[in-house]
Amino acid sequence: MKNRVKEYREGQGWSQGELARRLGVSRQTINAVETDKYDPSLPLALRMAKLFAVTVPDLFIDDWEPEE
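In terms of UniProt numbering, the sequence shown has 63 at position 63, counting the first letter as 1, and numbering is strictly consecutive.
Here it is, written out as structure tokens:
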């Protein structure tokens, strides 16, 4: 799943460590999300969206399409 976390984080002028502090997670978690190595839990995705004042679909892009 692609995401725009880094784009929004940099737009705020925050380091990965600062974003991690605000969300109550480790910097390594933020790095893993930004590099598509980890999909965050629903509660974390919701907190990220709330922090950036965007919707979850604006922050996380899922290219999956149902089969017909």
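Where is the CB? At the ideal position from N, CA and C, for every residue including glycine.
Please read all numbers here as calculations on a predicted model, not as lab measurements.
Of the listed residues the options, nearest to residue i (C-alpha basis)
i, options, result
"residue 83", "E18, D36, F52, M48", "The structure shown has nothing for residue 83, since the chain only spans 1 to 68."
"K2", "L19, G13, V33, A49", "V33"
"L23", "F52, Y38, D39, G13", "F52"
"E18", "F60, P40, L42, M48", "M48"
"A20", "G11, D58, L44", "L44"
"V56", "G13, L42, E7", "L42"
"G11", "V54, L46, Y38", "V54"
Residue i, DSSP secondary structure in three states
i, result
"K6", "helix"
Close-in-space but distant-in-sequence residues of the same chain around residue i (CB under 8 Å, 5 per side omitted)
i, result
"Q16", "R9, R27, I30, N31, E34"
"L59", "N3, R4, V5, Y8, A45, M48, A49, F52"
"Y38", "T29, A32"
Close-in-space but distant-in-sequence residues of the same chain around residue i (CB under 6 Å, 5 per side omitted)
i, result
"V5", "V33, E34"
"P40", "V33"
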